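J.:
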Ligand SMILES: Nc1ncnc2c1ncn2[C@@H]1O[C@H](COP(=O)(O)OP(=O)(O)OP(=O)(O)O)[C@@H](O)[C@H]1O
Ligand SMILES: [Mg+2]
């Protein structure tokens, strides 16, 4: 139940309870006040009847005992001698005595003779009476007055209370609903802001700059919550700024370090190469050492290049957009792969007409090369590798797939696959000279193109699927994880032509 509904219901319930208590108290009070007044009248009426009897030699025949003077309409007078009713009558509205039934007389005979008024039901026609019985000589005198006026006024008050409580209930519900709604509106604004923040992708430090709760009056509870919430948003914003600054510093450091390392590495490599060329006179061990220096410097250069590329991709630089013929890139990569490892069966499955997307040709080439190289280097000889291009299954765009029939990737390693320096089998990877940056670069390049990479792997079937949008400008602006930089981006996307039936081109050699 919402807080608002609970508050309204509580207020209404309180109003009903208070009204009911007041109403019930009023009815009980009225009833007892009126009964008290009737009791006083009965006492007077009894005195009058006693005096009348005494004055008229009670019990003497010929005296009309049923009409003691001064009694009001409705007064009941009964006179019993030895349990036998002598006179029993009720005065009508003109003061004329009217007889009562035998059952009423019997009911009166049972009244305690102590002078205290009590309520008796005299049956239909007469109803309930307040009566008191006293001894007058050998006889018993019973005098009573009707309770009908008391009941009638109690019923009237009851209905008045019901109507007033009903009206109060209605008014209380309306007023409570309006007041509670108005009072909770600031709280709703705080809740709305909180859920807006919860929905926001907090990828930029300025994301929270425009989000603030308007209610910050410290005199109200909600205002205090609002200002605390705003302070919290401020803290989060500055923590994100600090994190962004430190990430930026790390990126800058990696970019600068890799850049600076390139020149000395080129010198090491150059001198090693030079020594190898003139190495005729050198001992064999030295020649071997120099060749190791050369190959390791080549490996280190490629690692440094990869690190520099990743740092620049992180900064959103490095991508130059233009029309790229993906089919050509795939065929080149597959031919290179075949040349590099003839023991693998390499196939392509591309449409006969060129598939053109907007992107950076060199970086996309690197994506394909990295995936195909993985399929070559991390699988045994004889593995079948298929590189395919097809219309995307998950929206407009192109799906580039690299499938191999190797041993597959450990499912526990899959979630870390695209992390930097992640290698499933580090001992084997070291022997093949891998660094674990290839897939991180694939991921970064594809994201910079507004695309995504997926992998599914089981023994005998590992598939890397790169989804590339045809128009990266739209995808980059829509995707939250993509760096913003896109210098030299082509104005219009070259639409891929899928009209031709995809032809399976087999380049198996
Ligand atoms: N097709 C594949 N089959 C089996 N394992 C793979 C495949 N592709 C990648 N892997 C595993 O994922 C790891 C990470 O691959 P990634 O390309 O990022 O790095 P690498 O190939 O080890 O090094 P680098 O590409 O930087 O030279 C690899 O070390 C390998 O264990
Ligand atoms: Mg690799």
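Numbering (the numbering used here), first residue to last: -19 to 489.
We put the CB at the ideal spot given by N, CA and C, even for glycine.
Since the model is a prediction, treat every value here as computed from it, not as a measurement.
Is residue 418 near ligand 2 - that is, is its Cβ less than 6 Å away from at least one heavy atom of it?
T.: The residue given as residue 418 occupies position 438 in the chain shown. For ligand 2, at least one heavy atom lies less than 6 Å from the Cβ of residue 418.
J.: Quick test of your reading: residue 107 and residue 89, contact by CB under 8 Å. State the CB separation rounded to the nearest angstrom.
T.: Locating residue 107 in the chain shown gives position 127, counting from the first residue. Locating residue 89 in the chain shown gives position 109, counting from the first residue. Rounded, the Cβ-Cβ distance is 18 Å, inconsistent with contact.
J.: Following the continuous beta strand (DSSP E) through residue 115, name the residue where it begins and the one where it ends.
T.: The residue you call residue 115 lines up with position 135 of the chain shown. Residues 108 to 116.
J.: Could you pull out every unbroken beta strand (DSSP E) segment of at least 3 residues lying fully inside the stretch 78 to 160, listed in chain order?
T.: Runs found: 98 to 101, 108 to 116, 119 to 126.
J.: With a cut-off of 7 Å, does the C-beta of residue 323 fall near any C-beta of chain C?
T.: You won't find chain C in this structure, because it holds only one protein chain.
J.: Take residue 127 as the anchor and find which of 330, 13, 450, -2 has the nearest alpha-carbon.
T.: Counting from 1 along the chain shown, the entry for residue 127 is found at position 147. When only C-alpha atoms are compared, the closest one is 13.
J.: For residue 400 versus residue 420, is the C-beta distance shorter than 7 Å?
T.: Taking the first residue of the chain shown as 1, we reach residue 400 at position 420. Taking the first residue of the chain shown as 1, we reach residue 420 at position 440. It is a contact, given that the beta carbons lie within the stated cut-off.
J.: Just to check my reading of the structure: residue 185 and residue 198 have Cβ atoms closer than 8 Å, yes? What is that Cβ distance to the nearest angstrom?
T.: Position 205 of the chain shown, counted from the start, is the residue given in the question as residue 185. Position 218 of the chain shown, counted from the start, is the residue given in the question as residue 198. With 8 Å as the limit, residue 185 and residue 198 do not qualify as a contact, their Cβ atoms being about 28 Å apart.
J.: Would you identify the three-state DSSP class for residue 459, choosing helix, strand or coil?
T.: For the purposes of this step, residue 459 is taken as the residue at position 479 of the chain shown. With a pLDDT of only 43 at residue 459, under the threshold of 50, the placement of this residue in the model should not be trusted, and no figure is reported.
J.: Please look up how many angstroms separate the CB atoms of residue 305 and residue 325, rounded, as I've assumed it's under 8 Å.
T.: The count along the chain shown starts at 1 and reaches residue 305 at position 325. The count along the chain shown starts at 1 and reaches residue 325 at position 345. Not quite, the Cβ-Cβ distance comes to about 25 Å (not below 8 Å), so this is no contact.
J.: So is the beta-carbon of residue 354 under 6 Å away from any non-hydrogen atom of ligand 2?
T.: As a working mapping, residue 354 is identified with position 374 in the chain shown. Yes, since a heavy atom of ligand 2 falls inside the 6 Å radius drawn around the Cβ of residue 354.
J.: Excluding sequence positions up to five away, which residues of its chain have a Cβ less than 7 Å from the Cβ of residue 231?
T.: One-based indexing of the chain shown puts residue 231 at position 251. Only 291, 294, 295 meet the Cβ criterion.
J.: What residue range is occupied by the uninterrupted beta strand (DSSP E) comprising residue 445?
T.: Sequence index remark: in the chain shown, residue 445 carries index 465 (1-based). Element bounds for residue 445: 441 to 448.
J.: Rounded to the nearest angstrom, what separates residue 267 and residue 277 at their Cα positions?
T.: Taking the chain shown and counting its residues from 1, one reaches residue 267 at position 287. Taking the chain shown and counting its residues from 1, one reaches residue 277 at position 297. Approximately 15 Å between the Cα atoms of the pair.
J.: Is it right to say residue 471 is buried, meaning 16 or more other beta carbons lie within 10 angstroms of its own, or is it exposed?
T.: In the chain shown, residue 471 corresponds to position 491, counting from 1. Unreliable placement is indicated for residue 471, whose pLDDT of 31 sits below 50; the coordinate value is still reported in the next sentence. Burial call: exposed.
J.: Report the three-state DSSP secondary structure of residue 298 (helix, strand or coil).
T.: Start at 1 with the first residue of the chain shown, and residue 298 comes out as number 318. Looking at residue 298 - three-state DSSP - the assignment turns out to be coil, as it is neither helix nor strand.
J.: Quick one: grab the DSSP three-state call for residue 1.
T.: Translated into positions along the chain shown, residue 1 becomes position 21. Helix at residue 1.
J.: I'd like the span of the alpha helix (DSSP H) that includes residue 348, first residue to last.
T.: Position 368 of the chain shown, counting from 1, holds the residue named residue 348. It spans 341 to 357 - the alpha helix (DSSP H) in which residue 348 sits, taken as one unbroken run.
J.: Assign residue 181 to buried or exposed, taking buried as 16 or more other Cβ atoms, counted over all protein chains shown, within 10 Å of its Cβ.
T.: Residue mapping note: residue 181 aligns to position 201 of the chain shown, counting from 1. The residue is exposed, with fewer than 16 neighbouring Cβ atoms inside 10 Å.
J.: Is it buried or exposed for residue 18, if we count other Cβ within 10 angstroms and need 16 for buried?
T.: Translated into the one-based positions of the chain shown, residue 18 becomes position 38. So residue 18 counts as buried.
J.: What is the DSSP secondary structure of residue 60, reduced to helix, strand or coil?
T.: Numbered from its first residue, the chain shown carries residue 60 at position 80. The answer is strand: DSSP assigns residue 60 an E or B state.
J.: Closer than 7 Å by C-beta to residue 221: which residues in its own chain qualify, once you throw out the five before and the five after it? Chain order, please.
T.: As a working mapping, residue 221 is identified with position 241 in the chain shown. Contacts found: 185.
J.: Below 8 Å on the Cβ atoms is my contact criterion, and I expect residue 55 with residue 33 to pass it. Report the Cβ-Cβ distance as a whole number of Å.
T.: Taking the first residue of the chain shown as 1, we reach residue 55 at position 75. Taking the first residue of the chain shown as 1, we reach residue 33 at position 53. Going by Cβ atoms, the distance from residue 55 to residue 33 rounds to 14 Å, so no, they are not a contact pair.
J.: Report back the beta-carbon spacing between residue 158 and residue 213 to the nearest angstrom; my notes put them in contact at under 8 Å.
T.: By one-based count along the chain shown, residue 158 stands at place 178. By one-based count along the chain shown, residue 213 stands at place 233. At roughly 31 Å, the Cβ-Cβ gap does not stay under 8 Å, so residue 158 and residue 213 are not in contact.
J.: To the nearest angstrom, how far is the alpha carbon of residue 264 from that of residue 252?
T.: Translated into the one-based positions of the chain shown, residue 264 becomes position 284. Translated into the one-based positions of the chain shown, residue 252 becomes position 272. Distance between the alpha carbons of residue 264 and residue 252: 14 Å.
J.: Count the other CB atoms within 10 Å of the CB of residue -1; is the residue buried (16 or more) or exposed (fewer)?
T.: Sequence index remark: in the chain shown, residue -1 carries index 19 (1-based). Residue -1 should be labelled buried.
J.: In three-state DSSP terms, what is residue 193?
T.: Within the chain shown, numbered from 1, the residue matching residue 193 stands at position 213. Residue 193: coil per DSSP, three-state reduction.
J.: Can the beta-carbon of residue 356 be found less than 7 Å from the beta-carbon of residue 313?
T.: Counting from one through the chain shown, the residue named residue 356 turns up at place 376. Counting from one through the chain shown, the residue named residue 313 turns up at place 333. Their beta carbons are not under 7 Å apart, which means residue 356 does not touch residue 313 by this criterion.
J.: So, for residue 192: in the same chain, excluding its five sequence neighbours on each side, which residues have a beta-carbon less than 8 Å away from its beta-carbon?
T.: The residue you call residue 192 lines up with position 212 of the chain shown. Answer for residue 192: 173, 210, 213, listed in chain order.
J.: So for residue -7, helix, strand or coil by DSSP?
T.: Taking the first residue of the chain shown as 1, we reach residue -7 at position 13. Here residue -7 sits in helix by DSSP.
J.: Mark residue 384 as exposed unless 16 or more other C-beta atoms lie within 10 angstroms of its C-beta, in which case mark it buried.
T.: Residue mapping note: residue 384 aligns to position 404 of the chain shown, counting from 1. Per the 10 Å Cβ criterion, buried.
J.: Among 416, 77, 387, 390, which one has its Cα closest to the Cα of residue 398?
T.: Within the chain shown, residue 398 is the residue found at index 418, counting from 1. Comparing Cα-Cα distances from residue 398 to each of 416, 77, 387, 390, the minimum goes to 416.
J.: Would you kindly work out how many angstroms separate the C-alpha atoms of residue 16 and residue -5, rounded to a whole number?
T.: Residue mapping note: residue 16 aligns to position 36 of the chain shown, counting from 1. Residue mapping note: residue -5 aligns to position 15 of the chain shown, counting from 1. Whole-angstrom Cα-Cα distance: 31 Å.
J.: Below 6 Å, is the gap between the Cβ of residue 386 and the nearest heavy atom of ligand 1?
T.: In the chain shown, the residue the question calls residue 386 occupies position 406. Within the cutoff, so yes.
J.: Answer with buried or exposed for residue 382, where buried requires no fewer than 16 other C-beta atoms within 10 angstroms of its C-beta.
T.: Counting from 1 along the chain shown, the entry for residue 382 is found at position 402. Buried, because 16 or more other Cβ atoms sit within 10 Å of the Cβ of residue 382.
J.: So residue 236 packs on residue 300, CB below 8 Å; how close in whole Å?
T.: Residue mapping note: residue 236 aligns to position 256 of the chain shown, counting from 1. Residue mapping note: residue 300 aligns to position 320 of the chain shown, counting from 1. Not really, about 22 Å apart at Cβ, beyond 8 Å.
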